[in-house]
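Q: Take a look at the following structure, please.
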Amino acid sequence: MRKKIIAGNWKMNKNLSESIALVEELNILLNKQSLNCEVIVCPPFTSLLSLAEKIKKTDIKLGAQNMYFESDGAFTGEISADMILSVGCEYVILGHSERREIFKETDELINKKIKQALSKGLKPIFCVGEKLEQREANITEDIVRGQIEKGLEGISENDMKNIIIAYEPVWAIGTGKTATPAQAEEVHVFIRNLIGKLYSTAIAEDIVIQYGGSVKPDNAKELLSQKNIDGALVGGACLKADSFMGIILGV
Ligand code: PGA
Numbered sequence: 196m197r198k199k200i201i202a203g204n205w206k207m208n209k210n211l212s213e214s215i216a217l218v219e220e221l222n223i224l225l226n227k228q229s230l231n232c233e234v235i236v237c238p239p240f241t242s243l244l245s246l247a248e249k250i251k252k253t254d255i256k257l258g259a260q261n262m263y264f265e266s267d268g269a270f271t272g273e274i275s276a277d278m279i280l281s282v283g284c285e286y287v288i289l290g291h292s293e294r295r296e297i298f299k300e301t302d303e304l305i306n307k308k309i310k311q312a313l314s315k316g317l318k319p320i321f322c323v324g325e326k327l328e329q330r331e332a333n334i335t336e337d338i339v340r341g342q343i344e345k346g347l348e349g350i351s352e353n354d355m356k357n358i359i360i361a362y363e364p365v366w367a368i369g370t371g372k373t374a375t376p377a378q379a380e381e382v383h384v385f386i387r388n389l390i391g392k393l394y395s396t397a398i399a400e401d402i403v404i405q406y407g408g409s410v411k412p413d414n415a416k417e418l419l420s421q422k423n424i425d426g427a428l429v430g431g432a433c434l435k436a437d438s439f440m441g442i443i444l445g446v
């Protein structure tokens, strides 16, 4: 049985005191519950160290939203794998559509970042997904295949055990338009089969594939009940403790 994993991508929201307040609230809510899933929070870099302290005695795991592929050096404004590890991160989101779109990250760059993260012991949450015009042109599978094949190029079967894939249709991110559970499940099956072809049935069966894109407490349960949806990568709805909790309890 695959473990379900719910991750909150805070994006560029919450200063330090707001971050602490949100996690404290979340801790109180989580404390009262027995959970069926793993919970990850991915706050901005500036909050990671303080939140690592706040979640030390809880089951919440910490992730960063990005990192650079070089180990160190003259890369003004960038953050290395070692730096985020040193403040308590276990996970790092890579290949998010906002990074691809706004910051022009290519599949090749994302591949370098994934390799670096894995080599340093971080677990990438590797995001893929098609844009609206691509879905309408019926090329969703081609787009997702290309992103996965290029993003995972040269990554060993053993390293695949430490990767989460997040399927996030770009047209569903922050728009309030969710893929229907059937639409999401269809792409998740496609991704799992593709991983089976690229690696092995065992890797395909074990890999966690999250869905992301306007996941809310009122649609989470149905999405998460699909056979191949193993969790969620949540944006907007993770910024309030009660709505993030509502999603977690949907597992
Ligand atoms: P959303 O964002 O839940 O606000 O749509 C999801 C994401 O970008 O990871």
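Residue numbers (this note's numbering): 196 to 446. Each residue gets a CB set at the ideal place from its N, CA and C atoms; glycine is no exception.
(1) From this set, I200, K198, N204, R197, which residue's C-alpha is nearest G431's C-alpha?
(2) Check whether the Cβ atoms of I215 and K249 sit closer than 9 Å, and answer yes or no.
(3) Along the chain, where does the beta strand (DSSP E) that runs through A202 open and close?
(4) Are there three or more Cβ pairs, one per stretch, closer than 8 Å when the stretch 221-230 is compared with the stretch 258-274?
(5) Looking at the structure shown, is A427 part of a helix, part of a strand, or coil, going by DSSP?
(6) Can the beta-carbon of G426 be found closer than 9 Å to that of V365?
(7) Quick one: grab the DSSP three-state call for E348.
(8) Contact between the stretch 303-317 and the stretch 270-277: three or more CB pairs below 8 Å?
(9) Does the beta-carbon of G341 have 16 or more other beta-carbons within 10 angstroms, so that it is buried, or is it exposed?
(10) So for I343, helix, strand or coil by DSSP?
(11) Alpha carbon to alpha carbon, how far is C322 from R349? Give it in angstroms, no decimals.
(12) For the beta strand (DSSP E) containing G407, name the first residue and the last one.
(13) What three-state label does DSSP hand L374 in the structure shown?
(14) Count the other C-beta atoms from every protein chain shown that fall within 10 angstroms of the C-beta of E293, then say buried if there are 16 or more, exposed otherwise.
(15) Counting Cβ pairs, one atom from each stretch, are 3 or more of them under 8 Å apart for the stretch 344-361 and the stretch 386-404?
(16) Would DSSP call P238 helix, strand or coil?
(17) Would you list the residues sitting across from I368 in a DSSP beta bridge?
(18) Answer yes or no: the CB of K209 versus the heavy atoms of ligand 3, is any distance below 8 Å?
(19) Ignore the nearest five residues each way along the sequence and tell me which others in M262's own chain have a CB closer than 7 Å to its CB.
(20) V236: which of E219, V384, T396 sits nearest, CA to CA?
(21) Is any heavy atom in ligand 1 found nearer than 8 Å to the beta carbon of N414?
(22) Excluding sequence positions up to five away, which residues of its chain have a Cβ less than 7 Å from the Cβ of P376?
A: From the atom records:
(1) If we check each option's Cα against that of G431, N204 comes out closest.
(2) Contact flag set, yes.
(3) Secondary structure note for A202: its beta strand (DSSP E) is the uninterrupted segment 199-204.
(4) Counting Cβ pairs under 8 Å, fewer than three are found: no touch.
(5) Correct three-state label for A427: strand.
(6) The Cβ atoms of G426 and V365 lie no closer than 9 Å to each other.
(7) E348 falls in the coil class under three-state DSSP.
(8) Contact between the stretch 303-317 and the stretch 270-277 is present, because at least three Cβ pairs lie under 8 Å.
(9) By the neighbour-count rule (16 or more Cβ atoms within 10 Å), G341 is not buried but exposed.
(10) Reduced to three states, the DSSP call for I343 is helix.
(11) Note on identity: in this sequence residue 349 is Gly, with Arg being the wrong assignment. Approximately 17 Å, taken between the alpha carbons.
(12) First-last of the beta strand (DSSP E) with G407: 403-407.
(13) The sequence shown places Ala at residue 374, rather than the Leu named in the question. A374: coil per DSSP, three-state reduction.
(14) Classification for E293: buried.
(15) Here the stretch 344-361 lies against the stretch 386-404, with 3 or more beta-carbon pairs under 8 Å apart.
(16) In the structure shown, P238 sits in coil (DSSP, three-state: anything other than H, G, I, E or B).
(17) Beta-bridge annotation (DSSP): I368 is not paired with any residue.
(18) Looking at this structure, you won't find ligand 3 anywhere; what it does contain is ligand 1.
(19) Only I274, S275, A276, I279, V287, K308, A312 meet the Cβ criterion.
(20) It is E219 whose Cα lies nearest to the Cα of V236.
(21) No.
(22) So the qualifying residues of the chain are E417, L418, Q421.
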